[in-house]
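The structure under discussion appears below in the form of structure tokens.
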DNA sequence: GAGGGCGTAG
DNA sequence: CTACGCCCTC
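Residue numbers (full-length UniProt numbering), protein chains in the order written: chain P, 1 to 269; chain W, 1 to 269.
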């Protein structure tokens, strides 16, 4: 059977609920992982998801900032919402999805953006981002009690040269500086993770999941970055049937600056 | 010939430009007086009005608050934007409209709302409103160099018992307290003004131009007030053909809390 | 450029 | 309830 998992930094789930609904209707993913929900748990639009057939929702949100949620057609158990860097924000949620044939563990992440200045000595937000990455080393591709494990979300780093519109121009721009790209790749490899977007789409090919709101014409200038990721335990690699980066979503009415990424797996149990 | 003049507290002209456009398209008034444009002069959507055949626009606005504009198919001259109470806000604009047969002077007013507490001793906003009314005495129905004169706008007072949904319940509510209603009626009569809405619609009949945003269902509960006015020099009375209070506009998508009032005159020269 | 928070205004 | 300003974040 095919199981599909989507990840999307939605930049306010309440403001963009109609967009989420139309996305779910068109793409019917089995699981949707949202980031930047900007929504306290008691104000999360649960019913809207239930009405659309997503009966299982785990969320970890706060007022105004950050926030992640994992939404599923299949039974879901929250394992943990870890407080990275111990500052009480809401950037991680670890759940297990019980698909009919396999238990799939999913880490849903929203990594700090890191501010403007890529120097941890003078920019505490960048320091926070690097500290967060170091702490992410503890999240490995070990499924624990599940069969397989995914790590998805907005990692706010575009690791490869082809993950940005201009490698040269972005080398000193937060999200593509060597300390970030190298650390992220090291965290990934050391944790035993496979970069599934790059398994499906060859590293030679440019691919982006985010375009700044500030650009006049995001589509023409196309100055994007691949900030959103789908990592998997190596056993999932042969089961991956395809990845869709839904570029068109950036052109929707009142869009998020990120687009959904959908991964489809043939899970044969 | 018939000349029509509309007045509308638009509560942000930029936010509600589509509503203004659809109103102009349907009703084709010759002159439109707006209040609460909330728009600095250099950001006023001039071109949109030009495109709709309103080539003559005078505005007096500021950032964020207040602001009035007079928009016309016929040539327009600004006479004065008076600084009532000397605090530099933008609540008045005096223009002359050159209709083919008559010069029509129009005072466009946005009177201070006055805050919650109807006591000038403890509420400086109410003090300001009363001071403003006193200063309005200097604006009389004298056409000056023009043939006739109008005073239109949001006067933030409902003078008659039939200008509110409940006279009794509003006697202590700012907009319908005796000091306000009596002062306004005195300013009007002493200035030689005719209350043209009440010339067209008998004082026995309830008529409102404003419904609070706070009410759940403005149409059913119908707790409105007549805060917007069209006053004229007495010579205009026999020329008044009708007044329309466009109640339906309160039900439009993302409406202003005020509706347009349109006065039609047979100006025979 | 576009969210959110808050406070102020209507 | 709605729209602003200001300040913050991304």
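We put the beta carbon where it would ideally sit given N, CA and C, even for glycine.
With 16 other Cβ atoms within 10 Å as the buried cut-off, status of residue 142 of chain W: Position 142 of the second chain holds residue 142 of chain W. Answer is exposed; the Cβ neighbour count stays below 16.
- request: Report the residue from P/241, P/247, P/245, P/169 whose alpha carbon sits nearest the alpha carbon of residue 264 of chain P.
  value: Here residue 264 of chain P refers to the residue found at position 264 when the first chain is read from its first residue. The shortest Cα separation from residue 264 of chain P among P/241, P/247, P/245, P/169 belongs to P/241.
field: Alpha-carbon spacing of residue 255 of chain W relative to residue 175 of chain W, whole angstroms
entry: The residue you call residue 255 of chain W lines up with position 255 of the second chain. The residue you call residue 175 of chain W lines up with position 175 of the second chain. Whole-angstrom Cα-Cα distance: 21 Å.
message: Residues in the same chain with beta-carbon distance under 7 Å from residue 251 of chain P, minus the five sequence neighbours each way, listed in chain order, please.
response: What you label residue 251 of chain P is simply residue 251 of the first chain in a count that begins at 1. Excluding residues within five positions, the ones whose Cβ falls inside 7 Å are 219.
query: Taking C-alpha atoms, which residue in P/64, P/92, P/73, P/74 lies nearest to residue 82 of chain P?
result: Here residue 82 of chain P refers to the residue found at position 82 when the first chain is read from its first residue. Checking every option, the nearest Cα to that of residue 82 of chain P belongs to P/92.
- prompt: Is it the case that the Cβ atoms of residue 228 of chain P and residue 37 of chain P are separated by a distance below 8 Å?
  reply: Stepping through the first chain from its first residue, residue 228 of chain P is reached at position 228. Stepping through the first chain from its first residue, residue 37 of chain P is reached at position 37. No, the pair does not count as a contact, with Cβ atoms beyond the cut-off.
query: Where do the ends of the beta strand (DSSP E) carrying residue 59 of chain P lie?
result: What you label residue 59 of chain P is simply residue 59 of the first chain in a count that begins at 1. Looking at the DSSP string, the run of the beta strand (DSSP E) that includes residue 59 of chain P is 56-60.
query: Does the distance from the CB of residue 193 of chain W to the CB of residue 257 of chain W come in under 8 Å?
result: Start at 1 with the first residue of the second chain, and residue 193 of chain W comes out as number 193. Start at 1 with the first residue of the second chain, and residue 257 of chain W comes out as number 257. No.
field: Distance, residue 243 of chain P Cα to residue 90 of chain P Cα
entry: Here residue 90 of chain P refers to the residue found at position 90 when the first chain is read from its first residue. Here residue 243 of chain P refers to the residue found at position 243 when the first chain is read from its first residue. Near 27 Å, if we compare the C-alpha coordinates of residue 243 of chain P and residue 90 of chain P.
field: Own chain partners of residue 40 of chain P with C-beta closer than 7 Å, once the 5 adjacent residues on each side are dropped
entry: Position 40 of the first chain, counting from 1, holds the residue named residue 40 of chain P. Correct list, in chain order: 61, 62, 63.
message: Please report the straight-line C-alpha distance between residue 128 of chain P and residue 85 of chain P, rounded to a whole angstrom.
response: Locating residue 128 of chain P in the first chain gives position 128, counting from the first residue. Locating residue 85 of chain P in the first chain gives position 85, counting from the first residue. Taking the straight line from one Cα to the other gives about 8 Å.
field: Whole runs of the alpha helix (DSSP H) within the stretch 197-242 of chain W, excluding any shorter than 4 residues
entry: 218-221
query: Is there contact here, the stretch 191-208 of chain P with the stretch 153-166 of chain P, by at least three beta-carbon pairs under 8 Å?
result: yes
query: Are there 16 or more other CB atoms within 10 angstroms of the CB of residue 150 of chain W, so buried, or fewer, so exposed?
result: In the second chain, the residue the question calls residue 150 of chain W occupies position 150. Burial call: buried.
message: Whole angstroms are fine: how far does the CA of residue 231 of chain P sit from the CA of residue 96 of chain P?
response: To locate residue 96 of chain P, count along the first chain from 1; it is residue 96. To locate residue 231 of chain P, count along the first chain from 1; it is residue 231. Between residue 96 of chain P and residue 231 of chain P, the C-alpha separation is close to 15 Å.
message: Could you compute how far the alpha carbon of residue 35 of chain P sits from the alpha carbon of residue 9 of chain P?
response: Taking the first chain and counting its residues from 1, one reaches residue 35 of chain P at position 35. Taking the first chain and counting its residues from 1, one reaches residue 9 of chain P at position 9. Between residue 35 of chain P and residue 9 of chain P, the C-alpha separation is close to 4 Å.
message: My output table needs one value for residue 44 of chain W: the three-state DSSP class, helix, strand or coil.
response: Here the question's residue 44 of chain W lines up with position 44 in the second chain. Residue 44 of chain W: coil per DSSP, three-state reduction.
field: Buried/exposed call for residue 180 of chain P, threshold 16 Cβ in 10 Å
entry: For the purposes of this step, residue 180 of chain P is taken as the residue at position 180 of the first chain. Flag for residue 180 of chain P reads buried.
task: Could you pull out every residue in the same chain whose Cβ sits closer than 8 Å to the Cβ of residue 54 of chain P, ignoring the five residues on either side in sequence?
output: Taking the first chain and counting its residues from 1, the one referred to as residue 54 of chain P is at position 54. Only 24, 32, 71, 72, 73 meet the Cβ criterion.
task: Closer than 7 Å by C-beta to residue 224 of chain W: which residues in its own chain qualify, once you throw out the five before and the five after it? Chain order, please.
output: For this step, residue 224 of chain W is matched to residue 224 along the second chain. These residues qualify, in order along the chain: 165, 208, 210, 211.
- prompt: Looking at C-alpha atoms only, which residue of W/49, W/65, W/103, W/29 is the closest neighbour of residue 75 of chain W?
  reply: Position 75 of the second chain, counted from the start, is the residue given in the question as residue 75 of chain W. Taking only the C-alpha atoms, the option nearest residue 75 of chain W is W/103.
- prompt: Whose CA, out of W/268, W/12, W/42, lies closest to the CA of residue 238 of chain W?
  reply: One-based indexing of the second chain puts residue 238 of chain W at position 238. Checked all of W/268, W/12, W/42; the closest Cα to residue 238 of chain W is W/268.
query: Do you know how far the Cα of residue 21 of chain P is from the Cα of residue 47 of chain P?
result: Indexing the first chain from 1 puts residue 47 of chain P at position 47. Indexing the first chain from 1 puts residue 21 of chain P at position 21. Their Cα atoms are separated by approximately 12 Å.
- request: Could you tell me which uninterrupted alpha helix (DSSP H) segments, each at least 4 residues in length, are contained entirely in the stretch 107-137 of chain P, listed from first to last along the chain?
  value: 124-136
message: One question on the structure: do residue 184 of chain P and residue 133 of chain P come within less than 8 Å of each other, judged by their Cβ atoms?
response: Along the first chain, read from residue 1 onward, the residue named residue 184 of chain P stands at position 184. Along the first chain, read from residue 1 onward, the residue named residue 133 of chain P stands at position 133. Their beta carbons are under 8 Å apart, which means residue 184 of chain P touches residue 133 of chain P by this criterion.
task: Work out the CA separation of residue 27 of chain W and residue 249 of chain W for me, nearest whole Å.
output: Working through the second chain from its first residue, we reach residue 249 of chain W at position 249. Working through the second chain from its first residue, we reach residue 27 of chain W at position 27. Those two C-alpha atoms are separated by around 12 Å.
message: Could you check whether residue 148 of chain W and residue 42 of chain W sit closer than 8 Å to each other, using their CB atoms as the reference points?
response: The count along the second chain starts at 1 and reaches residue 42 of chain W at position 42. The count along the second chain starts at 1 and reaches residue 148 of chain W at position 148. For residue 42 of chain W and residue 148 of chain W, no; Cβs fall outside 8 Å.
task: Report all residues from its chain with a CB closer than 6 Å to the CB of residue 69 of chain W; omit the five preceding and five following residues, and keep chain order.
output: As a working note, residue 69 of chain W is residue 69 in the second chain. 34, 37, 59, listed in sequence order.
field: Exposure of residue 136 of chain W, with buried meaning 16 or more beta-carbon neighbours within 10 Å
entry: Against the second chain, residue 136 of chain W aligns to sequence position 136. Buried is the call here.
query: Relative to the C-alpha of residue 29 of chain W, which residue among W/16, W/145, W/52, W/45 is closest?
result: Your numbering for residue 29 of chain W matches position 29 in the second chain. When only C-alpha atoms are compared, the closest one is W/52.
message: By the DSSP assignment, the alpha helix (DSSP H) with residue 183 of chain W in it spans what residues?
response: Counting from one through the second chain, the residue named residue 183 of chain W turns up at place 183. 178-190 is the span of the alpha helix (DSSP H), which, as asked, contains residue 183 of chain W.
field: Same chain, Cβ closer than 8 Å to residue 79 of chain W, five either side skipped, listed in chain order
entry: As a first step, residue 79 of chain W is located in the second chain; it is residue number 79 there, counting from the start. Once the five neighbours on either side are set aside, the close Cβ partners of residue 79 of chain W are 94, 95, 96, 105, 144.
message: Here's the rule I'm using: 16 or more other beta-carbon atoms within 10 Å means buried, otherwise exposed. How should residue 154 of chain W be labelled?
response: Locating residue 154 of chain W in the second chain gives position 154, counting from the first residue. Burial call: buried.
message: If the criterion is Cβ atoms closer than 8 Å, does the pair residue 108 of chain P and residue 152 of chain P meet it?
response: As a working mapping, residue 108 of chain P is identified with position 108 in the first chain. As a working mapping, residue 152 of chain P is identified with position 152 in the first chain. It is a contact, given that the beta carbons lie within the stated cut-off.
query: Near residue 117 of chain P, what residues of its chain come up, given a Cβ to Cβ distance below 7 Å and the 5 sequence neighbours on each side ignored?
result: Stepping through the first chain from its first residue, residue 117 of chain P is reached at position 117. Excluding sequence neighbours, residue 117 of chain P sits near 123, 126.
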